[in-house]
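Chemist: Got a structure for you, written out below as structure tokens; questions coming shortly.
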Amino acid sequence: MTLRVEHELHERRKGRNYGLGLILAGFIAIVFGLTVVKVLQLGDTAEFERFDHVARPQIIPEEGAGE
Amino acid sequence: MSDISVSDHSYEANMGDYFALLKPRVMSLVVFTALVGLLVSPVPVHPFIGFVAILCIAVGAGASGALNMWWDADIDARMKRTAGRPIPSGRVAPGEALGIGMALSGFAIVLLALATNFLAAFLLTFTIFFYAVVYSMWLKRATPQNIVIGGAAGAFPPMIGWAVATGGVSIESVLMFALIFMWTPPHFWALALFVKSDYGNAGVPMLTETHGRDATRKHVIVYTLLLVPVAIGLGFTSIGGPVYLAVAVWMNAWFLKGAYDIWRRTDADCEADKHRVEIKVFKVSLYYLFSHFGALLIEAALRLYGIGGWS
């Protein structure tokens, strides 16, 4: 089945929809960019890994020391 | 809403109409002063975080503009200068403006808090609240001093920029705030003296109409006198320096001379030369703010090479 836009409303609101699409794409780019910058600013691989939401005892010095 | 009722609209708002709700010209001043506040601070900010912070401040300021237009739609419709705004002209529905204002405020504040710090986000929240509620809803229709206290909303951006970088408030950011705060009344009243406004018809008390033009002239000189120590004082802080001080002394002398000239004039003088002095002082007031913040930026740039400031 193919999707076809038939209603004139879609044509009339084309500019608005494209504009909103661009704004949303920009918002995604900002959140992604902020994530990259914030993670890189940590400056330490172990800190990067702590962003992983899985418990990794081996990256915590005190707990990993005995292994 | 059914398709039929949507299709009945003869005009569909486009992106430009929504953008106009954000008062782009006010936003440009906000971006400039916030950027200076951020760049002159002693703490370096990652360029991308700085970009996002300035965007958030600009969007927050725009959102408060949309809330102002939503609340003031009745006044705007009665004044020639503002009758063409998106709501009074029927291009945007009042509810849409309220929704956009609230949504953008929320986005800007939350994103600023996540990207930078809570103090900066709090200051942005307060700025939006101050402009939309304290100025628009309360002061604007209540007192001819509306522009004085309401001017605080326009004075916060450099303080937010500074807070983005440093996470705090200091004498430098307070003086940058004070500079815009004290500059707003003489700047605005110089304009009010030569523009034929219809604020009276709209029920907005303006000093020129409630207290007369002579009282307004006195207010211009008094506020300019109060502005001078703030502007000069900023030159002796850690963000000032010889370049700033030279610019400040020159510009304050120029502005003060203009305010004095306005004070000495009568309505007959104004009619005779078609408000030549008032128009000139208004223009000087624009150069005044731009040159002070520009000079702060020059000092910051010179400091990068070890030659700026007082050290």
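Going line by line, the protein sequences match chains A and B. For reference, each letter of the first sequence is one residue, going 132 to 198 in this note's numbering. For reference, each letter of the second sequence is one residue, going 198 to 508 in this note's numbering. All residues carry an ideal CB built from backbone N, CA and C; glycine is no exception. Because the structure is a prediction, the values reported are computed rather than measured.
(1) In this structure, does DSSP put Pro188/A in helix, strand or coil?
(2) Taking just the CA atoms, how far does Lys471/B sit from Ser488/B?
(3) If you count every other CB in all the chains shown that lies within 10 Å of the CB of Ser508/B, and 16 or more means buried, which is it?
(4) Enumerate in chain order the residues of its own chain whose CB-to-CB distance from Ile201/B is below 8 Å, with the five nearest sequence positions on each side excluded.
(5) Is there a Cβ of chain B sitting closer than 8 Å to that of Arg135/A, yes or no?
(6) Shortest alpha-carbon distance to Val444/B belongs to which of Leu431/B, Ser435/B and Ile297/B?
(7) Output needed for Val168/A: all residues of its chain with C-beta closer than 7 Å, excluding positions within five of it in sequence on either side, in chain order.
(8) Using beta carbons (cut-off 8 Å, strictly below), is Ile159/A in contact with chain B?
(9) Is there a Cβ from chain B that is less than 8 Å from the Cβ of Val170/A?
(10) Anyone know if the C-beta pair for Thr324/B and Leu372/B falls short of 8 Å?
(11) Classify Ala210/B as helix, strand or coil using the three-state DSSP reduction.
(12) Leu173/A touches chain B at which residues, Cβ-Cβ below 9 Å?
(13) Can you list, in chain order, the residues of its chain whose CB lies under 6 Å from that of Gly259/B, leaving out five sequence neighbours each side?
(14) Examine chain A for any beta-carbon lying closer than 8 Å to the beta-carbon of Met212/B, and answer yes or no.
(15) Which two residues bound the contiguous alpha helix (DSSP H) that contains Arg144/A?
(16) Which residues, taken in chain order from the region 145 to 157 of chain A, show a beta carbon closer than 7 Å to some beta carbon of chain B?
(17) Compare the C-beta of His489/B against all C-beta atoms of chain A and say whether one is closer than 8 Å.
(18) For Pro221/B, which of Tyr396/B, Ile254/B and Thr340/B has the nearest alpha-carbon?
(19) Please list the partners that Val240/B has in chain A, where partner means a Cβ-to-Cβ separation under 8 Å.
(20) Using the three-state DSSP reduction, which class does Ser202/B fall into: helix, strand or coil?
(21) Could you please give the first and the last residue of the uninterrupted alpha helix (DSSP H) stretch that includes Arg135/A?
(22) Please tell me whether Pro355/B and Ser367/B are closer than 8 Å, where the distance is taken between their beta carbons.
(23) Look up Glu198/A in the DSSP assignment and say whether it is helix, strand or coil.
(24) May I ask you to report which of helix, strand or coil DSSP gives Arg278/B?
(25) Ignoring anything shorter than 4 residues, give me the alpha helix (DSSP H) runs that lie fully in the region 296 to 384 of chain B, in order along the chain.
(26) Have a look at Asn343/B and Asp411/B and give me their C-alpha separation to the nearest angstrom.
(27) In terms of residue numbering, what span does the alpha helix (DSSP H) encompassing Arg414/B cover?
(28) Taking CB distances under 8 Å as the criterion, tell me whether Ala312/B reaches chain A.
(29) Check Met403/B in the structure and name its three-state DSSP category.
(30) CA-CA distance, Phe327/B and Asp271/B?
(31) Residues of chain A with a CB under 8 Å from the CB of Glu293/B: which are they?
(32) Please return the same chain residues whose Cβ sits closer than 8 Å to the Cβ of Ile429/B, not counting the five positions on each side in sequence.
Modeler: Answer, in terms of the structure:
(1) Here residue 188/A is taken as the residue at index 57 of the first sequence, counted from 1. Under the three-state reduction of DSSP, Pro188/A is assigned to helix.
(2) Numbered from its first residue, the second sequence carries residue 488/B at position 291. Numbered from its first residue, the second sequence carries residue 471/B at position 274. Ser488/B and Lys471/B: Cα-Cα distance of roughly 27 Å.
(3) Here residue 508/B refers to the residue found at position 311 when the second sequence is read from its first residue. Looking at its Cβ environment, which holds fewer than 16 other Cβ atoms inside 10 Å, Ser508/B is exposed.
(4) Position 4 of the second sequence, counting from 1, holds the residue named residue 201/B. In this predicted model, Ile201/B has a pLDDT of only 46, less than 50, meaning its place in the structure is not dependable enough to derive any value.
(5) Within the first sequence, numbered from 1, the residue matching residue 135/A stands at position 4. No, Arg135/A does not count as interfacial toward chain B.
(6) As a first step, residue 444/B must be located in the second sequence, where it is residue number 247. Minimum Cα-Cα distance from Val444/B among the listed residues Leu431/B, Ser435/B and Ile297/B corresponds to Leu431/B.
(7) Taking the first residue of the first sequence as position 1, residue 168/A is located at position 37. Excluding residues within five positions, none has a Cβ falling inside 7 Å.
(8) Your numbering for residue 159/A matches position 28 in the first sequence. Not an interface residue.
(9) Within the first sequence, residue 170/A is the residue found at index 39, counting from 1. No, no contact with chain B.
(10) Along the second sequence, one-based indexing puts residue 324/B at 127. Along the second sequence, one-based indexing puts residue 372/B at 175. Between Thr324/B and Leu372/B, the C-beta gap is not smaller than 8 Å, which leaves the two residues out of contact.
(11) The residue you call residue 210/B lines up with position 13 of the second sequence. It is coil, neither helix nor strand.
(12) The residue given as residue 173/A occupies position 42 in the first sequence. What Leu173/A touches in chain B: nothing, since even the nearest Cβ is about 12 Å away.
(13) Residue numbering aside, residue 259/B sits at position 62 when the second sequence is read from its first letter. Excluding residues within five positions, the ones whose Cβ falls inside 6 Å are Leu219 and Met224.
(14) In the second sequence, the residue the question calls residue 212/B occupies position 15. It does: the Cβ of Met212/B has a partner Cβ on chain A nearer than 8 Å.
(15) Here residue 144/A refers to the residue found at position 13 of the first sequence. For Arg144/A, no alpha helix (DSSP H) encloses it, and the DSSP letter there is neither H nor E.
(16) The region 145 to 157 of chain A vs chain B, Cβ under 7 Å: Gly146, Arg147 and Gly150.
(17) Here the question's residue 489/B lines up with position 292 in the second sequence. So no, His489/B is outside the interface.
(18) In the second sequence, the residue the question calls residue 221/B occupies position 24. Considering only alpha carbons, the answer is Ile254/B.
(19) Here residue 240/B refers to the residue found at position 43 of the second sequence. Annotation: Val240/B has no Cβ neighbours in chain A at a cutoff of 8 Å; minimum Cβ distance is about 13 Å.
(20) Looking up residue 202/B in the second sequence gives position 5. Confidence at Ser202/B is low in this model, with a pLDDT of 44, below 50, so the placement of that residue should be treated as unreliable; the coordinate-derived value is given next. Ser202/B falls in the helix class under three-state DSSP.
(21) To locate residue 135/A, count along the first sequence from 1; it is residue 4. Per DSSP, Arg135/A lies in no alpha helix (DSSP H) segment and is marked neither H nor E.
(22) As a first step, residue 355/B is located in the second sequence; it is residue number 158 there, counting from the start. As a first step, residue 367/B is located in the second sequence; it is residue number 170 there, counting from the start. Taking the C-beta atoms as reference points, Ser367/B is found no nearer than 8 Å to Pro355/B.
(23) One-based indexing of the first sequence puts residue 198/A at position 67. Bear in mind that the predicted position of Glu198/A carries a pLDDT of just 48, short of 50, making it unreliable; the figure below should be weighed with that in mind. In this structure, Glu198/A counts as coil in the three-state DSSP scheme.
(24) Position 81 of the second sequence, counting from 1, holds the residue named residue 278/B. The answer is coil: DSSP assigns Arg278/B none of H, G, I, E or B.
(25) Fully enclosed alpha helix (DSSP H) runs of no fewer than 4 residues occupy 315 to 326 and 343 to 363 of the region 296 to 384 of chain B, in order along the chain.
(26) One-based indexing of the second sequence puts residue 343/B at position 146. One-based indexing of the second sequence puts residue 411/B at position 214. Pairing Asn343/B with Asp411/B, the inter-Cα distance amounts to about 18 Å.
(27) As a first step, residue 414/B is located in the second sequence; it is residue number 217 there, counting from the start. Gly409 to Leu431 is the extent of the alpha helix (DSSP H) around Arg414/B.
(28) Taking the second sequence and counting its residues from 1, the one referred to as residue 312/B is at position 115. Taking CB atoms only, Ala312/B has a neighbour in chain A less than 8 Å away.
(29) Indexing the second sequence from 1 puts residue 403/B at position 206. Collapsing the DSSP output to three states places Met403/B in coil.
(30) Looking up residue 327/B in the second sequence gives position 130. Looking up residue 271/B in the second sequence gives position 74. Distance between Phe327/B and Asp271/B, taken at the CA atoms: about 20 Å.
(31) Against the second sequence, residue 293/B aligns to sequence position 96. For a Cβ distance threshold of 8 Å, nothing in chain A lies close to Glu293/B: the least Cβ distance comes to about 11 Å.
(32) Within the second sequence, numbered from 1, the residue matching residue 429/B stands at position 232. The residues are Leu442, Ala445, Val446 and Asn449.
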